[in-house]
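Heads up, the sequence shown is in my numbering, so the first residue is 335 and it goes up one at a time. Glycine included, C-beta positions come from ideal geometry on N, C-alpha and C. Just so you know, these numbers come straight off a predicted model, no measurement behind them. The block underneath contains the structure these notes are about, expressed in C-alpha coordinates.
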Amino acid sequence: MALAFRRGIPLEDMEFFQFHPTGLAGLGILLSEAARGEGAILRNSEGERFMERYAPSIKDLAPRDMVARAMANEVREGRGCGPNKDYVVLDLTHLERAHIDAKLPDITEFARTYLGVEPYTEPVPVYPTAHYAMGGVPTTIDTEVLRTNTAVVGGLYAAGEVACVSVHGANRLGTNSLLDINVFGKRAGIAAAAYSAAVELAELPPAPEATMVAQLERMLSGAGGERVADLRRALQESMDLGAQVFRSAESLTATLDEIRRLKARYPSVTVQDKGRAFNTDLLEAVELGFLLDLAEVVVVGALAREESRGGHFREDFPLRDDVRFLKHTMAYLRPAATGDGTEVRLGSKPVVVTRYQPMERKY
(Lines of atoms letter the chains of each structure in order from A and count residues from 1; the text may use other names and numbers.)
(Lines give C-alpha, C1' and ligand atoms only; values in the text may rest on other atoms or scores of the structure.)
Protein backbone atom coordinates (compact mmCIF):
# COMPACT_ATOMS: atom_id res chain seq x y z
CA MET A 1 0.00 0.00 0.00
CA ALA A 2 2.67 2.51 1.04
CA LEU A 3 4.92 1.51 -1.86
CA ALA A 4 2.07 2.18 -4.31
CA PHE A 5 1.53 5.56 -2.63
CA ARG A 6 5.18 6.44 -3.13
CA ARG A 7 4.82 5.57 -6.81
CA GLY A 8 1.98 8.01 -7.40
CA ILE A 9 -1.07 5.88 -6.56
CA PRO A 10 -3.57 7.65 -4.27
CA LEU A 11 -4.94 6.20 -1.05
CA GLU A 12 -8.66 6.36 -0.32
CA ASP A 13 -10.47 6.83 3.01
CA MET A 14 -7.43 6.08 5.15
CA GLU A 15 -8.85 7.92 8.16
CA PHE A 16 -11.39 5.12 8.62
CA PHE A 17 -9.68 2.58 10.86
CA GLN A 18 -11.62 -0.03 12.76
CA PHE A 19 -10.64 -0.75 16.35
CA HIS A 20 -11.51 -4.17 17.70
CA PRO A 21 -12.75 -3.85 21.28
CA THR A 22 -11.23 -6.95 22.82
CA GLY A 23 -7.52 -7.04 22.20
CA LEU A 24 -5.43 -8.56 25.00
CA ALA A 25 -4.28 -5.60 27.07
CA GLY A 26 -0.74 -4.51 26.25
CA LEU A 27 -0.45 -6.99 23.37
CA GLY A 28 -3.28 -6.33 20.95
CA ILE A 29 -3.84 -10.02 20.20
CA LEU A 30 -7.52 -10.36 19.37
CA LEU A 31 -10.14 -12.17 21.40
CA SER A 32 -13.05 -12.87 19.09
CA GLU A 33 -16.40 -11.15 19.49
CA ALA A 34 -17.73 -14.67 19.86
CA ALA A 35 -16.93 -14.33 23.56
CA ARG A 36 -19.47 -11.53 24.01
CA GLY A 37 -21.81 -13.36 21.69
CA GLU A 38 -21.72 -16.32 24.08
CA GLY A 39 -22.41 -14.12 27.10
CA ALA A 40 -19.06 -12.67 28.24
CA ILE A 41 -19.41 -9.27 29.94
CA LEU A 42 -17.14 -6.20 29.90
CA ARG A 43 -16.52 -4.75 33.37
CA ASN A 44 -14.59 -1.82 34.79
CA SER A 45 -12.56 -1.60 38.00
CA GLU A 46 -15.77 -1.26 40.02
CA GLY A 47 -17.11 -4.52 38.61
CA GLU A 48 -19.81 -2.60 36.75
CA ARG A 49 -21.19 -3.89 33.45
CA PHE A 50 -20.57 -0.47 31.97
CA MET A 51 -22.02 -1.10 28.49
CA GLU A 52 -25.47 -0.80 30.09
CA ARG A 53 -24.78 2.96 30.30
CA TYR A 54 -23.59 3.37 26.70
CA ALA A 55 -25.95 1.00 24.85
CA PRO A 56 -28.83 0.09 27.21
CA SER A 57 -30.69 -2.11 24.75
CA ILE A 58 -27.86 -4.18 23.25
CA LYS A 59 -25.16 -3.71 25.91
CA ASP A 60 -22.03 -5.75 25.14
CA LEU A 61 -23.32 -6.66 21.69
CA ALA A 62 -23.12 -3.06 20.43
CA PRO A 63 -21.07 -2.37 17.25
CA ARG A 64 -17.30 -2.46 17.52
CA ASP A 65 -16.78 1.31 17.33
CA MET A 66 -19.29 1.98 20.11
CA VAL A 67 -17.82 -0.68 22.40
CA ALA A 68 -14.25 0.46 21.73
CA ARG A 69 -15.09 4.07 22.60
CA ALA A 70 -16.94 2.99 25.74
CA MET A 71 -13.95 0.96 26.91
CA ALA A 72 -11.52 3.80 26.21
CA ASN A 73 -13.79 6.25 28.02
CA GLU A 74 -13.94 4.04 31.12
CA VAL A 75 -10.15 4.08 31.24
CA ARG A 76 -9.72 7.81 30.73
CA GLU A 77 -12.37 8.57 33.38
CA GLY A 78 -10.40 6.57 35.93
CA ARG A 79 -12.35 3.33 36.00
CA GLY A 80 -9.68 1.24 34.32
CA CYS A 81 -8.30 -1.92 35.88
CA GLY A 82 -4.82 -3.03 36.88
CA PRO A 83 -1.98 -1.16 38.56
CA ASN A 84 -1.94 1.50 35.84
CA LYS A 85 -5.74 1.56 35.37
CA ASP A 86 -5.21 1.21 31.62
CA TYR A 87 -7.60 -1.57 30.61
CA VAL A 88 -11.00 -3.10 31.36
CA VAL A 89 -11.79 -6.80 31.72
CA LEU A 90 -13.79 -9.38 29.83
CA ASP A 91 -15.60 -11.59 32.34
CA LEU A 92 -16.39 -15.21 31.39
CA THR A 93 -16.38 -16.58 34.95
CA HIS A 94 -20.19 -16.88 35.09
CA LEU A 95 -20.22 -19.22 32.04
CA GLU A 96 -20.12 -22.99 32.38
CA ARG A 97 -16.64 -24.41 31.84
CA ALA A 98 -17.94 -26.99 29.37
CA HIS A 99 -19.60 -24.18 27.39
CA ILE A 100 -16.36 -22.16 27.32
CA ASP A 101 -14.38 -25.21 26.16
CA ALA A 102 -16.91 -26.06 23.45
CA LYS A 103 -17.51 -22.56 22.07
CA LEU A 104 -14.43 -20.48 22.93
CA PRO A 105 -11.31 -22.70 22.97
CA ASP A 106 -9.02 -20.21 21.16
CA ILE A 107 -10.01 -17.35 23.42
CA THR A 108 -9.23 -19.21 26.62
CA GLU A 109 -5.96 -20.51 25.20
CA PHE A 110 -4.81 -17.01 24.20
CA ALA A 111 -5.56 -15.65 27.67
CA ARG A 112 -3.63 -18.45 29.34
CA THR A 113 -0.67 -18.36 26.95
CA TYR A 114 -0.09 -14.62 26.60
CA LEU A 115 -1.34 -13.18 29.90
CA GLY A 116 -1.21 -16.12 32.28
CA VAL A 117 -4.88 -15.61 33.09
CA GLU A 118 -7.31 -18.48 33.73
CA PRO A 119 -10.64 -17.42 32.13
CA TYR A 120 -12.60 -20.00 34.14
CA THR A 121 -11.92 -18.07 37.33
CA GLU A 122 -10.36 -14.70 36.33
CA PRO A 123 -11.56 -11.88 34.09
CA VAL A 124 -9.33 -11.24 31.06
CA PRO A 125 -7.64 -7.80 30.64
CA VAL A 126 -8.65 -6.25 27.30
CA TYR A 127 -8.38 -2.93 25.45
CA PRO A 128 -9.26 -1.77 21.91
CA THR A 129 -6.65 -2.50 19.25
CA ALA A 130 -6.29 -1.34 15.64
CA HIS A 131 -7.84 -4.09 13.55
CA TYR A 132 -8.88 -3.24 10.01
CA ALA A 133 -8.29 -0.46 7.46
CA MET A 134 -11.46 0.40 5.58
CA GLY A 135 -9.33 2.54 3.26
CA GLY A 136 -6.51 1.59 0.92
CA VAL A 137 -5.53 1.62 -2.75
CA PRO A 138 -8.62 2.70 -4.73
CA THR A 139 -9.92 0.18 -7.25
CA THR A 140 -12.81 -0.46 -9.58
CA ILE A 141 -15.16 -3.37 -8.89
CA ASP A 142 -12.93 -5.39 -11.20
CA THR A 143 -9.96 -4.59 -8.87
CA GLU A 144 -8.21 -2.30 -11.39
CA VAL A 145 -6.09 0.19 -9.45
CA LEU A 146 -7.10 3.83 -9.94
CA ARG A 147 -4.52 6.57 -10.49
CA THR A 148 -7.21 9.27 -10.30
CA ASN A 149 -10.92 9.12 -9.53
CA THR A 150 -11.54 7.42 -12.87
CA ALA A 151 -8.24 6.61 -14.66
CA VAL A 152 -6.95 3.06 -14.15
CA VAL A 153 -3.35 1.83 -14.11
CA GLY A 154 -3.18 -0.76 -16.86
CA GLY A 155 -2.18 -4.20 -15.62
CA LEU A 156 -2.19 -3.32 -11.91
CA TYR A 157 -4.78 -4.96 -9.65
CA ALA A 158 -5.39 -4.91 -5.90
CA ALA A 159 -7.63 -6.94 -3.61
CA GLY A 160 -7.95 -7.66 0.09
CA GLU A 161 -7.22 -5.22 2.89
CA VAL A 162 -4.64 -3.35 0.78
CA ALA A 163 -7.46 -2.28 -1.56
CA CYS A 164 -10.40 0.10 -1.16
CA VAL A 165 -13.21 -0.90 -3.45
CA SER A 166 -15.32 0.71 -0.71
CA VAL A 167 -17.74 -2.09 0.02
CA HIS A 168 -17.25 -1.42 3.75
CA GLY A 169 -17.86 2.33 3.79
CA ALA A 170 -16.64 3.87 7.02
CA ASN A 171 -17.25 0.89 9.30
CA ARG A 172 -16.79 -2.73 8.22
CA LEU A 173 -19.32 -5.28 9.43
CA GLY A 174 -18.06 -8.47 11.05
CA THR A 175 -17.00 -11.19 8.54
CA ASN A 176 -17.24 -8.76 5.61
CA SER A 177 -13.46 -8.94 5.12
CA LEU A 178 -14.17 -12.34 3.57
CA LEU A 179 -15.78 -10.38 0.75
CA ASP A 180 -12.43 -8.72 0.06
CA ILE A 181 -10.59 -12.02 0.03
CA ASN A 182 -12.99 -14.30 -1.81
CA VAL A 183 -15.03 -12.12 -4.15
CA PHE A 184 -12.46 -9.53 -5.15
CA GLY A 185 -9.53 -11.92 -4.97
CA LYS A 186 -11.27 -14.01 -7.60
CA ARG A 187 -12.16 -10.94 -9.64
CA ALA A 188 -8.52 -9.80 -9.54
CA GLY A 189 -7.30 -13.16 -10.84
CA ILE A 190 -9.83 -13.23 -13.67
CA ALA A 191 -9.14 -9.63 -14.69
CA ALA A 192 -5.35 -10.00 -14.52
CA ALA A 193 -5.44 -13.18 -16.59
CA ALA A 194 -7.60 -11.53 -19.23
CA TYR A 195 -5.35 -8.48 -19.36
CA SER A 196 -2.13 -10.48 -19.65
CA ALA A 197 -3.57 -12.53 -22.49
CA ALA A 198 -4.39 -9.40 -24.48
CA VAL A 199 -1.20 -7.32 -24.20
CA GLU A 200 2.49 -7.66 -24.96
CA LEU A 201 4.97 -7.84 -22.09
CA ALA A 202 5.94 -4.28 -21.19
CA GLU A 203 9.56 -3.13 -21.32
CA LEU A 204 11.02 -2.37 -17.91
CA PRO A 205 12.78 0.97 -17.36
CA PRO A 206 16.56 0.83 -16.77
CA ALA A 207 17.47 -0.51 -13.30
CA PRO A 208 13.96 -0.40 -11.77
CA GLU A 209 15.36 -1.86 -8.55
CA ALA A 210 18.02 0.83 -8.07
CA THR A 211 16.18 3.00 -5.53
CA MET A 212 15.34 0.11 -3.20
CA VAL A 213 18.80 -1.47 -3.51
CA ALA A 214 20.40 1.85 -2.57
CA GLN A 215 18.14 2.15 0.49
CA LEU A 216 18.97 -1.37 1.66
CA GLU A 217 22.70 -0.83 1.17
CA ARG A 218 22.60 2.38 3.18
CA MET A 219 20.82 0.69 6.07
CA LEU A 220 23.22 -2.26 6.01
CA SER A 221 26.40 -0.24 5.71
CA GLY A 222 25.60 2.45 8.25
CA ALA A 223 26.62 2.34 11.90
CA GLY A 224 25.46 4.13 15.02
CA GLY A 225 22.33 5.63 13.48
CA GLU A 226 18.74 5.67 14.66
CA ARG A 227 17.33 2.41 16.03
CA VAL A 228 14.20 1.03 14.40
CA ALA A 229 12.67 0.04 17.75
CA ASP A 230 12.99 3.57 19.15
CA LEU A 231 11.25 5.23 16.22
CA ARG A 232 8.57 2.55 15.96
CA ARG A 233 7.77 2.80 19.67
CA ALA A 234 7.48 6.59 19.42
CA LEU A 235 5.17 6.21 16.41
CA GLN A 236 2.99 3.68 18.23
CA GLU A 237 2.69 5.82 21.32
CA SER A 238 1.86 8.95 19.33
CA MET A 239 -0.82 7.23 17.23
CA ASP A 240 -2.31 5.57 20.33
CA LEU A 241 -2.46 8.89 22.12
CA GLY A 242 -3.78 11.12 19.35
CA ALA A 243 -5.40 9.09 16.58
CA GLN A 244 -7.06 6.14 18.29
CA VAL A 245 -10.79 5.77 19.01
CA PHE A 246 -11.08 9.41 20.17
CA ARG A 247 -9.67 12.17 17.96
CA SER A 248 -9.64 15.95 17.99
CA ALA A 249 -7.89 18.73 16.10
CA GLU A 250 -5.52 19.17 19.04
CA SER A 251 -4.62 15.49 19.38
CA LEU A 252 -4.28 14.93 15.64
CA THR A 253 -2.13 18.02 15.13
CA ALA A 254 0.24 16.91 17.89
CA THR A 255 0.41 13.43 16.37
CA LEU A 256 1.09 14.80 12.88
CA ASP A 257 3.93 16.95 14.23
CA GLU A 258 5.47 13.89 15.88
CA ILE A 259 5.14 11.78 12.73
CA ARG A 260 6.96 14.42 10.71
CA ARG A 261 9.73 14.61 13.30
CA LEU A 262 10.10 10.83 13.09
CA LYS A 263 10.14 10.98 9.28
CA ALA A 264 12.98 13.47 9.47
CA ARG A 265 14.93 11.02 11.66
CA TYR A 266 14.14 7.96 9.55
CA PRO A 267 16.87 8.45 6.89
CA SER A 268 19.44 7.89 9.67
CA VAL A 269 18.07 4.42 10.53
CA THR A 270 20.63 1.61 10.49
CA VAL A 271 20.40 -2.06 11.43
CA GLN A 272 22.52 -4.15 13.77
CA ASP A 273 22.15 -7.33 11.72
CA LYS A 274 24.30 -7.00 8.59
CA GLY A 275 23.36 -10.40 7.18
CA ARG A 276 22.08 -10.89 3.64
CA ALA A 277 19.65 -13.74 4.30
CA PHE A 278 16.48 -13.83 6.44
CA ASN A 279 17.35 -10.42 7.90
CA THR A 280 14.24 -9.48 9.89
CA ASP A 281 16.05 -6.45 11.33
CA LEU A 282 16.38 -5.05 7.82
CA LEU A 283 12.79 -5.98 6.98
CA GLU A 284 11.49 -4.07 10.00
CA ALA A 285 13.60 -1.05 9.07
CA VAL A 286 12.05 -0.91 5.61
CA GLU A 287 8.55 -1.48 6.99
CA LEU A 288 9.00 1.38 9.45
CA GLY A 289 9.33 3.81 6.55
CA PHE A 290 6.07 2.53 5.11
CA LEU A 291 4.38 2.78 8.52
CA LEU A 292 5.42 6.42 8.82
CA ASP A 293 3.96 7.19 5.39
CA LEU A 294 0.66 5.47 6.17
CA ALA A 295 0.38 7.07 9.62
CA GLU A 296 0.77 10.50 8.04
CA VAL A 297 -2.00 9.79 5.53
CA VAL A 298 -4.32 8.53 8.28
CA VAL A 299 -3.80 11.63 10.41
CA VAL A 300 -4.00 14.15 7.55
CA GLY A 301 -7.28 12.60 6.44
CA ALA A 302 -8.62 12.50 9.99
CA LEU A 303 -7.78 16.18 10.51
CA ALA A 304 -9.59 17.18 7.34
CA ARG A 305 -12.74 15.15 8.06
CA GLU A 306 -14.44 17.41 10.60
CA GLU A 307 -17.25 15.01 11.44
CA SER A 308 -17.73 11.59 13.06
CA ARG A 309 -18.59 8.65 10.84
CA GLY A 310 -18.05 4.93 11.32
CA GLY A 311 -14.62 4.17 12.72
CA HIS A 312 -13.65 7.88 12.70
CA PHE A 313 -14.77 9.79 15.80
CA ARG A 314 -13.91 13.48 16.32
CA GLU A 315 -14.73 14.71 19.80
CA ASP A 316 -14.75 18.28 18.48
CA PHE A 317 -17.14 17.27 15.65
CA PRO A 318 -19.22 14.41 17.15
CA LEU A 319 -22.05 14.45 14.57
CA ARG A 320 -22.09 13.02 11.07
CA ASP A 321 -22.19 15.74 8.41
CA ASP A 322 -23.57 14.45 5.10
CA VAL A 323 -23.72 17.95 3.61
CA ARG A 324 -19.95 18.49 3.77
CA PHE A 325 -18.53 14.99 4.04
CA LEU A 326 -20.60 12.50 2.08
CA LYS A 327 -17.48 11.94 -0.02
CA HIS A 328 -14.40 9.76 -0.14
CA THR A 329 -11.02 11.14 0.90
CA MET A 330 -8.33 10.77 -1.78
CA ALA A 331 -4.75 11.31 -0.58
CA TYR A 332 -1.93 11.99 -3.06
CA LEU A 333 1.82 12.24 -2.49
CA ARG A 334 3.05 15.37 -4.24
CA PRO A 335 6.18 17.56 -4.26
CA ALA A 336 6.17 19.91 -1.28
CA ALA A 337 4.82 23.38 -2.00
CA THR A 338 7.77 24.89 -0.14
CA GLY A 339 11.25 23.41 0.17
CA ASP A 340 12.34 19.94 -0.80
CA GLY A 341 10.62 16.61 -0.25
CA THR A 342 6.99 15.63 -0.57
CA GLU A 343 3.69 16.25 1.18
CA VAL A 344 0.27 14.64 1.42
CA ARG A 345 -2.42 16.51 -0.48
CA LEU A 346 -6.09 15.66 -0.23
CA GLY A 347 -8.73 15.44 -2.90
CA SER A 348 -12.10 13.73 -2.87
CA LYS A 349 -14.59 11.80 -4.96
CA PRO A 350 -18.34 11.51 -4.50
CA VAL A 351 -20.05 8.65 -2.73
CA VAL A 352 -22.30 6.74 -5.12
CA VAL A 353 -25.64 6.18 -3.37
CA THR A 354 -27.69 3.37 -4.89
CA ARG A 355 -30.40 1.27 -3.25
CA TYR A 356 -29.80 2.22 0.38
CA GLN A 357 -30.03 5.85 1.41
CA PRO A 358 -27.64 7.10 4.15
CA MET A 359 -29.32 7.43 7.52
CA GLU A 360 -28.40 7.89 11.16
CA ARG A 361 -27.58 4.71 13.04
CA LYS A 362 -30.00 4.17 15.94
CA TYR A 363 -30.67 1.43 18.49
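Of the residues the options, the one placed nearest residue i, counting alpha carbons only
i: residue 608; options: 381, 616 and 602; result: 616
i: residue 577; options: 514, 348, 670 and 335; result: 348
i: residue 695; options: 536, 338 and 396; result: 396
i: residue 494; options: 463, 523, 482 and 487; result: 523
i: residue 559; options: 412, 671, 526 and 601; result: 601
i: residue 657; options: 436, 685 and 381; result: 685
i: residue 403; options: 579, 623 and 570; result: 579
i: residue 334; options: 646, 431, 381 and 481; result: No statement about residue 334 is possible, as the shown extent of the chain runs from 335 to 697 and does not include it.
i: residue 462; options: 567, 575, 359 and 672; result: 359
i: residue 478; options: 650, 343, 418 and 561; result: 343
i: residue 357; options: 398, 502, 668 and 531; result: 398
i: residue 587; options: 669, 634 and 563; result: 634
i: residue 713; options: 388, 562, 556 and 468; result: Residue numbering for the chain in the displayed model covers 335 to 697; residue 713 lies beyond these limits and cannot be assessed.
i: residue 603; options: 532, 565 and 613; result: 565
i: residue 286; options: 447, 537, 492 and 688; result: Residue numbering for the chain in the displayed model covers 335 to 697; residue 286 lies beyond these limits and cannot be assessed.
i: residue 594; options: 678, 391, 417 and 489; result: 678
C-beta contact flag for residue i and residue j at 8 Å
i: residue 424; j: residue 361; result: no
i: residue 628; j: residue 642; result: no
i: residue 449; j: residue 368; result: no
i: residue 648; j: residue 572; result: no
i: residue 465; j: residue 350; result: no
i: residue 471; j: residue 335; result: yes
i: residue 497; j: residue 514; result: yes
i: residue 454; j: residue 441; result: no
i: residue 668; j: residue 676; result: yes
i: residue 426; j: residue 374; result: yes
i: residue 585; j: residue 575; result: yes
Residues near residue i in its chain [Cβ-Cβ closer than 6 Å; skip 5 each side]
i: residue 605; result: 553, 615, 616 and 619
i: residue 640; result: 651
Residue i - DSSP class collapsed to helix/strand/coil
i: residue 355; result: strand
i: residue 459; result: strand
i: residue 690; result: coil
i: residue 590; result: helix
i: residue 565; result: helix
i: residue 506; result: coil
Own chain partners of residue i with C-beta closer than 7 Å, once the 5 adjacent residues on each side are dropped
i: residue 692; result: 656 and 660
i: residue 623; result: 600
i: residue 380; result: 413
Sequence-distant residues of its chain with Cβ nearer than 8 Å to residue i (five each side left out)
i: residue 432; result: none
i: residue 452; result: 445 and 446
i: residue 536; result: 489
Contact test: residue i Cβ vs the ligand MG heavy atom, cutoff 7 Å
i: residue 599; result: The ligand MG is absent from the structure shown, which contains no ligands of any kind.
- Item | 3-residue-minimum beta strand (DSSP E) runs that sit fully inside the stretch 592-672, ordered along the chain | Runs found: 661-669.
- Query: What are the uninterrupted segments assigned as alpha helix (DSSP H) that are 4 or more residues long and contained completely in the stretch 428-496, given in chain order?
  - Reply: Fully enclosed alpha helix (DSSP H) runs of 4 or longer: 431-437 and 439-444.
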